[in-house]
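Q: Quick one: structure below, then a few questions.
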Amino acid sequence: MKRLLTCVIGLLAFTTSSCALASLLTATPKDLIDQTVSCPTDETAKAEGFKVLSTQTWSQGVIVLYSARCPINAGKSMMRPMFGHKVVKRTGTTWQVSGGSSYGTANESVPSEQLVEYGISRSSNQHRMSGSSQPEEPPYTILYGRVLKPKVVAVEATFDNGKTMRDESSNGVFALLSAGATGICELRLLGADNQILRQEDLAVPKHFAQTGQTIQCLPISHQL
1 MKRLLTCVIG LLAFTTSSCA LASLLTATPK DLIDQTVSCP TDETAKAEGF KVLSTQTWSQ
61 GVIVLYSARC PINAGKSMMR PMFGHKVVKR TGTTWQVSGG SSYGTANESV PSEQLVEYGI
121 SRSSNQHRMS GSSQPEEPPY TILYGRVLKP KVVAVEATFD NGKTMRDESS NGVFALLSAG
181 ATGICELRLL GADNQILRQE DLAVPKHFAQ TGQTIQCLPI SHQL
């Protein structure tokens, strides 16, 4: 009887640990970042109404694009919509947030000439202080945002490593990430038949750049 009880207890312990492991393995990036989203202007304020708009895979994990609402005042009587992203990496059997950023979006209607809104984010290891004992990971830069006009079919960005990335933006949001890049040289908004609707130079001019900010753009490789 004692041996049977030991077997039953062992079986229950194995089942419990197996369920916990299964839960850990099936945890999604959404579950991980839902409780970590803060407001762009006040990191102590908790964002509300968190909603995942899109997820995109990249070589080291997943990019999650989301929307939420942030209080404008202390009483939370007024809320402002926000849009942001989180870069989530897979480490063994778990997910880990490696970076992210967000910005507030306008409540009122946008100007007719504005086609997209966007933000640019860089991996945190690009700002790591020299002498750090932590292993250095390859840097990455990400362009993310929302399409405001339906005539924008795709968004392209040329990064300072010469790579050009493209997002068809079928769901109204986009994210372009390039590993090894430290900045973005050019942004292009495309319409039907790859017609260029707008083109913007994002490289920092040398006479405006602070120390270490100048982006040296390499020849475009046309790797879409």
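Numbered by the working numbering, the letters in the sequence shown go through residues 1 to 224 in order.
All residues carry an ideal CB built from backbone N, CA and C; glycine is no exception.
Could you tell me the distance, in whole angstroms, from the CA atom of V37 to the CA atom of P81?
A: Cα to Cα, V37 sits roughly 13 angstroms from P81.
Q: For the beta strand (DSSP E) containing G180, name the first residue and the last one.
A: Counting along the chain, G180 falls outside any beta strand (DSSP E), and DSSP gives it neither H nor E.
Q: Using a Cβ-Cβ cut-off of 6 angstroms (strictly less than) and excluding sequence neighbours within five positions of T55, which residues of its own chain qualify?
A: If we look at T55 and ignore the five residues flanking it on each side, its Cβ neighbours are V62 and V64.
Q: Report yes if the C-beta distance between V87 and S98 is below 8 angstroms; otherwise report no.
A: Yes; because the gap between Cβ atoms is below 8 angstroms, this pair is in contact.
Q: Classify M165: buried if its beta carbon has 16 or more other beta carbons within 10 angstroms, exposed otherwise.
A: Flag for M165 reads buried.
Q: With distance defined between alpha-carbon atoms, name the residue in C39, S77, G84 and Q60 nearest to K180.
A: Before going further, note that residue 180 is Gly rather than Lys in the sequence given. The option with the nearest alpha carbon to G180 is Q60.
Q: Which residues in the same chain as R90 place their Cβ atom closer than 6 angstroms to its Cβ, once the five residues preceding and following it in sequence are excluded?
A: Result list for R90: G61, in chain order.
Q: Residue ranges of each beta strand (DSSP E) run of no fewer than 3 residues wholly in the segment 34 to 90, ordered along the chain?
A: Runs of the beta strand (DSSP E) inside the segment 34 to 90: 48 to 58 and 61 to 71.
Q: Take the Cβ of D167 as the centre, count every other Cβ of all protein chains shown within 10 Å, and call the residue buried at 16 or more, exposed below.
A: When all chains shown are included, D167 counts as buried.
Q: Helix, strand or coil for S124 per DSSP?
A: Note: S124 maps to helix in three-state DSSP.
Q: Which term fits G100, buried or exposed, when burial requires 16 or more other beta carbons within 10 angstroms of its beta carbon?
A: Per the 10 Å Cβ criterion, buried.
Q: Taking the straight line between their C-alpha atoms, what separation do you get for S170 and L177?
A: If I take the Cα positions, the gap works out to 17 angstroms.
Q: Output needed for G92: all residues of its chain with C-beta closer than 7 angstroms, excluding positions within five of it in sequence on either side, in chain order.
A: None.
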